[in-house]
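Asker:
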Amino acid sequence: MNGVGDDPARYKKQLSSSAMSSLPPQIACSELQALSKNGADFLLIDCREADEHALVALPDSKLLPMSSLAEQVSELENHKGSHLVVYCHLGVRSQRVANWLRDQGFEKVQSLTGGIDRWAEEIEPEMVRY
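Just so you know, the sequence shown maps onto residues 9 to 138 in our numbering.
What follows is the structure in structure tokens.
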């Protein structure tokens, strides 16, 4: 089940939130690389756990583990209108975090499709994979 039938109000809220933002909910690795190369203004958030982040991470990413995000979301308060890109290992947790952040009023949030694993596969083959 895709969750739509579970809570129609949440689905409607997501639709209206998506309509407010011109950004698609996901971003491809190549698009993120282009943003970075072009000096675009965005905040890169790693929602994996600290041990995963210590193993390998994208440069200049801010560690905000999904497990403690609710307690740490205040750290993002100054970035409510900013472009946020969230990543994890494979893209599953980051999608959940991106949806949650949209529910909290962050409008310009994207999840990195395929996570850091896809990044290593497509952009940086020498990067540690786990």
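C-beta: ideal position from N, C-alpha, C; glycine also. Just so you know, these numbers come straight off a predicted model, no measurement behind them.
Under the rule that 16 or more other beta-carbon atoms within 10 Å means buried, what is residue 138, buried or exposed?
Answerer: That one is exposed.
Asker: Find out if the Cβ-Cβ distance for the pair residue 94, residue 69 is shorter than 7 Å.
Answerer: no
Asker: Per DSSP, which residues does residue 69 bridge with? Please list them.
Answerer: Bridge partners of residue 69: none, in fact.
Asker: So, for residue 58: in the same chain, excluding its five sequence neighbours on each side, which residues have a beta-carbon less than 8 Å away from its beta-carbon?
Answerer: 71, 73
Asker: Threshold first: 4 residues or longer. Then list the alpha helix (DSSP H) segments lying entirely within the stretch 64-134, N to C.
Answerer: 77-80, 100-111, 123-130
Asker: Among all the DSSP beta bridges, which residues are the ones paired with residue 34?
Answerer: 119
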